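S.K.:
In our numbering, the protein residues as written are 142 to 448.
Put into structure tokens, the structure is as follows:
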């Protein structure tokens, strides 16, 4: 009982929120892309690209907002490559996504050396000033967290993604394209344009996840995405392609990772390697348990060719 109270503390909850941000944003992006019928397994590389571009923009401008804009632009550029290859040229979407991931690892490593003369990390960047929001800023522990503009932006994007998917005309068209592109086409919906938009939106959201990682560490470090793109895809499946459920799943994985960190600091007589693999073990278990019961959009991953 004493061990449990040492693990489940308020700081664990705040740590969960901080860790979950990139999972949530990338999972939202994955959900929107797949609802439109395009598998975006390149999220891992897009997160990495967004993180690097944001650091580059922030470092040379000294303005965090410029860094965010640069990060999102980098993510959209990477997603655009995936969109062109998989939508226009109808290439295998899995292979295209994996190519994006491999390209991002090599490109960020090259430009890290080029701009910062280091193969491991960039220079330090300036952080956001916390927003002093009446009442919210005074909440113990969470007040400081909720005063962070990127946290607020993430909360807004979760709500916006749900409204976008289920309450707007474009969201209805998006789902129609993901379920039956031929039928959607006969109704006058531009299947290609809709799919391009979905993939680019997913790139922007995943890149914001990378921006959060870079700003949280005040620098870019080589390979800092650390498999988060793949876990975000699992959160999407666990959340049954629903933005709100995918967010809850991402919070679950964030909680698992925060618990792993908490356990390491407690000095328990458990091998560190075992504790470190807990989040990935949970990912495999959850994926195995939900994959058969989850139904993806009917045309998910199926290239469309207009007759």
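Using N, Cα and C, we set each Cβ at its ideal position, and we do this for glycine too.
From a predicted model like this one, the values you see are computed outputs, not experimental measurements.
Taking only the alpha-carbon atoms, compute the straight-line gap between residue 287 and residue 296 and give it to the nearest angstrom.
M.R.: C-alpha separation (whole angstroms): 10 Å.
S.K.: Helix or strand or just coil, what does DSSP make of residue 262?
M.R.: Residue state, collapsed to three classes: strand.
S.K.: Determine, using beta carbons only, whether residue 353 and residue 291 come nearer to each other than 8 Å.
M.R.: Yes; because the gap between Cβ atoms is below 8 Å, this pair is in contact.
S.K.: Can you grab the Cα-Cα spacing for the pair residue 218 / residue 177, in whole Å?
M.R.: Residue 218 and residue 177: Cα-Cα distance of roughly 19 Å.
S.K.: For residue 150, name the three-state secondary structure that DSSP assigns.
M.R.: DSSP places residue 150 in coil when its eight states are reduced to three.
S.K.: Given that a residue counts as buried once 16 or more other Cβ atoms are within 10 Å of its Cβ, and exposed if not, what is residue 258?
M.R.: So residue 258 ends up on the exposed side.
S.K.: Between residue 387 and residue 157, which are expected to be in contact by the criterion C-beta below 8 Å, what is the C-beta distance as a whole number of angstroms?
M.R.: The pair is not a contact, with the Cβ atoms about 16 Å apart (cut-off 8 Å).
S.K.: Flag this pair as yes or no: are the beta carbons of residue 179 and residue 336 separated by less than 8 Å?
M.R.: Yes. Within cutoff.
S.K.: Taking the alpha carbon of residue 245 as the point to measure from, which residue in 366, 279, 299 has its own alpha carbon closest?
M.R.: Here the closest residue by C-alpha is 366.
S.K.: Write down every uninterrupted run of the alpha helix (DSSP H) in the stretch 388 to 422 whose length is 4 residues or greater and which is fully enclosed by it, in chain order.
M.R.: Within the stretch 388 to 422, the complete alpha helix (DSSP H) runs of at least 4 residues are 413 to 417.
S.K.: Cα separation between residue 230 and residue 242?
M.R.: Cα to Cα, residue 230 sits roughly 19 Å from residue 242.
S.K.: What is the DSSP secondary structure of residue 375, reduced to helix, strand or coil?
M.R.: Note: residue 375 maps to helix in three-state DSSP.
S.K.: With DSSP as the reference, please indicate the residues paired to residue 362 in a beta bridge.
M.R.: Partner(s): 262.
S.K.: Can you give the Cα-Cα distance for residue 253 and residue 187, rounded to whole angstroms?
M.R.: Approximately 16 Å between the Cα atoms of the pair.
S.K.: With distance defined between alpha-carbon atoms, name the residue in 317, 338, 339 nearest to residue 329.
M.R.: For residue 329, the nearest C-alpha among the options comes from 317.
S.K.: With distances taken between CB atoms, is the gap from residue 164 to residue 348 smaller than 8 Å?
M.R.: No, they are not a contact pair.
S.K.: Is residue 266 near residue 307, with beta carbons less than 8 Å apart?
M.R.: For residue 266 and residue 307, no; Cβs fall outside 8 Å.
S.K.: Would you tell me roughly how many angstroms separate the C-alpha atoms of residue 228 and residue 153, rounded to the nearest one?
M.R.: Their Cα atoms are separated by approximately 42 Å.
S.K.: By Cβ distance below 6 Å, which residues in the same chain neighbour residue 405 in space, the five residues on each side in sequence not counted?
M.R.: Within the same chain, residue 405 has close Cβ partners 416.
S.K.: Specify the secondary structure class of residue 180 as computed by DSSP and reduced to three states.
M.R.: Of the three classes helix, strand and coil, the one that applies to residue 180 here is coil, per DSSP.
S.K.: Would you mind giving the Cβ-Cβ distance between residue 319 and residue 440, rounded to the nearest angstrom? I have them listed as a contact below 8 Å.
M.R.: 6 Å between Cβ atoms; contact.
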